[in-house]
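In the working numbering, the protein residues as written are 14 to 237. Here is the structure we will look at.
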């Protein structure tokens, strides 16, 4: 039997900006922890993040769902990329302090990031030893970021990367190189944009989300 509680936290982060975290915590049937890091405008309630999260909840994973809204802050929007990542990284580490200190941190860990969230994942996976055994789900990563590419060269955790050929961060040659890494699985969707949608093809867009969930299931339940 699985039972869980829901709680809401608010944190005062970088430049005193307030950001919320929603925590779904299992009291029975607990299996692991999932950290969800959305994009700048792509929230945790949108399909590409909502359904993978629902799948992991069904397995018994606690969910630490960050719900920052940096798009509302002009200071963030006008900041250079380096400061944006510093801002987001500082907020996320602050929001995870309680988890770092708990026994549940020693259980299986999945980190799901979308776009902006993958910028932070690059640092966490390449430089923070607390994430050395995590599974990474990188949704529409910002591959054109020089910093992210450098960090991925130093990343050795099992990872799934998902991107579309109409995403501005898609580069065929780089994707091909990334696919050669034994610990990496790369899923490319023809014609999909940065939201992993195909304009004018609603059912095709839905099918892509389903495929992503199936890939995550295969990795977690198949032990790949």
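Every residue gets a Cβ at the ideal spot worked out from N, C-alpha and C, and that includes glycine.
Of all alpha-carbon atoms in 22, 167 and 86, the one lying nearest the alpha-carbon of residue 37 is that of 22.
At a Cβ-Cβ threshold of 8 Å, residue 175 and residue 129 do not count as neighbours.
Comparing C-alpha distances from residue 108 to each of 26, 136 and 99 shows the shortest one belongs to 26. Selection 89, 48, 119 and 143 evaluated against residue 54 yields 89 as nearest (Cα-Cα). Between residue 216 and residue 152, the beta carbon gap of about 20 Å keeps them out of contact (Cβ cut-off 8 Å). Rounded to whole angstroms, the gap between the alpha carbons of residue 76 and residue 186 is 35 Å.
Around the beta carbon of residue 58, fewer than 16 other beta carbons lie within 10 angstroms, which makes this residue exposed. Its Cα nearest to that of residue 182, the residue 207 stands out among 207, 201, 165 and 194.
Judged by DSSP in its simplified three-state form, residue 87 adopts helix.
Here the alpha carbons of residue 74 and residue 65 stand approximately 11 Å from one another.
Here residue 120 is not bridged, per DSSP, to any residue.
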